Amino acid sequence: SPLAVAQSAIRYRGEPLTLLWAVCGGAAIAFAAMWITLRGLTRRSARELLSGEAGGGLSAGPRAAARWTWTAAGVASVVAAGAIVALTAGKHRPAVGAFFAAGALLLVAGIAFFGAILGRAARAGGRRMTLGRLAVRNTGRRRGRSLTVAGLLACGSFLVISVGAFRLGPPGDPYRRQSGTGGFALFGVSALPVFRDLNTPPGRKAYALEPADMEGVRVVAMRARDGDDASCLNLNRAQRPQLLGVPVEELRSRGAFTFARTDPAIDSEHPWGLLDTQLG
């Protein structure tokens with residue numbers, strides 16, 4: 007979105023030196039990984055290599071390790087269920103934090119359950135070998151690799167679903183006065199101050215605006231005093247934020263925007279009147 011990068015266009019720029027460094031770095035990492043693997047394999051006997059007992063992943067582990075895996079999965083599931091109940095019951099709790107906490111706990115529980123199942127499948131034996139059982143035992147034979155693949159897929163799916171769930175889209179009807187746009191179709195900023203009323207024929211003529219183009223258009227002008235950007239695009243704290251001079255009657259007559267919270271002492275039906283309050 008252009009707003010996410012402060013209206014700046016993002017373009018790809020590739021340089022030969024950068025590509026060369028990337029190729030060399032990738033090749034170096036690949037050769038280092040192969041060297042480490044071969045170094046470990048050369049220390050094993052030929053019998054271990056031929057029988058497929060060489061390391062490279064988590065082994066099937068003893069029963070104590072399996073019990074710890076099931077315990078971790080159960081505890082994570084219970085805590086995740088509690089977080090989900092608290093999320094649905096509380097109206098004023100931060101939904102995003104509780105959602106990600108519950109999702110992370112469920113992710114840990116799912117991976118732990120999967121690891122325990124792989125450990126049991128790797129130790130299973132004595133039954134007639136079928137194609138399905140062979141696939142399951144082969145998955146548990148290199149439990150570390152299987153858990154890594156499952157964890158990466160689960161994390162990716164969780165991130166995609168969570169980002170999509172909390173994505174803020176445009177309002178259903180942006181022309182409603184109670185929506186986030188206030189019912190205004192366009193928002194414009196001028197580099198130079200506009201001193202004439204653009205709702206009158208003389209004002210439109212002064213700025214060379216054609217009557218046909220401005221037919222049915224009503225402009226609500228606001229005066230602005232320059233200052234620091236106080237929006238989310240500015241990561242620093244605004245020491246001197248920009249101020250807008252709002253025409254109260256124009257917005258009050260339209261019933262533009264919806265106030266999340268107002269002072270109980272003012273009229274909740276016309277909250278724009280708060281700007282006309284004399285403070286002293």
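To get the numbering used here, take the position in the sequence shown, counting from 1, and add 6. Glycine is no exception: its CB is placed at the ideal position from the N, C-alpha and C atoms. Computed from a predicted model, the values in this text were never measured in an experiment.
By Cβ distance, which residues of its chain are closer than 6 Å to residue i, with the 5 residues on each side in sequence left out?
i	result
R231	L249
E256	V226
I90	A108
L9	Here L9 scores only 48 on pLDDT, less than 50, and its place in the model should not be relied on; the value that follows carries that caveat. Cβ neighbours of L9 beyond the five flanking positions: none.
S196	none
G277	Correcting the residue identity first, residue 277 is Pro in this sequence and not Gly. For P277, where only same-chain residues beyond five positions count, the Cβ hits under 6 Å are F265, T268.
Tell me the residue span of the beta strand (DSSP E) that contains residue i.
i	result
G251	249-251
R231	229-231
Determine the contact status of residue i and residue j, defining contact as a CB-CB distance below 8 Å.
i	j	result
T75	A115	no
L153	F190	no
L151	A262	The amino acid at residue 151 is misidentified as Leu; the sequence shows Arg. In this structure, A262 does not lie closer than 8 Å to R151 by Cβ.
R148	A127	no
L44	A82	no
A38	A79	no
F172	V102	yes
L124	T145	yes
A104	A92	yes
A214	R202	no
G233	R243	no
Counting along the chain, where does the alpha helix (DSSP H) carrying residue i start and finish?
i	result
R260	254-260
G20	No alpha helix (DSSP H) holds G20; DSSP gives it neither H nor E.
R243	Unbroken run through R243: none, as it is neither H nor E.
A171	149-171
Report back the beta-carbon spacing between residue i and residue j to the nearest angstrom; my notes put them in contact at under 8 Å.
i	j	result
S168	F265	Going by Cβ atoms, the distance from S168 to F265 rounds to 30 Å, so no, they are not a contact pair.
P217	R210	7 Å
G279	R258	7 Å
Only counting the same chain, and skipping five residues up and downstream in sequence, which positions put a Cβ closer than 8 Å to that of residue i?
i	result
M228	L250, G251, V252, P253
I272	G279, L280, T283
C161	L113
P208	R202
G31	none
V200	Y213, A227
Y181	T187, G189, A191
With a threshold of 8 Å between beta carbons, is residue i in contact with chain C?
i	result
L192	In the displayed structure, chain C is absent; only one protein chain is listed.
Which same chain residues, not among the five before or five after residue i, have their C-beta less than 7 Å away from its C-beta?
i	result
S274	T268
G20	none
G188	A262, F263
G63	In this predicted model, G63 has a pLDDT of only 46, less than 50, meaning its place in the structure is not dependable; the value taken from the coordinates is given anyway. Closer than 7 Å at the Cβ level, and outside the excluded window around G63, lie R148, R149, G150, R151.
Is it the case that the CB of residue i approaches a heavy atom of the ligand MG more closely than 7 Å?
i	result
L112	Ligands are entirely absent from the displayed structure, and the ligand MG is therefore not among its contents.
Quick one: complete alpha helix (DSSP H) runs, 4+ long, within the stretch 202-230? 207-212
As an exercise, report each continuous beta strand (DSSP E) stretch of at least 3 residues that is fully enclosed by the stretch 28-54, in chain order. The stretch 28-54 contains no whole beta strand (DSSP E) run of 3 or more residues.
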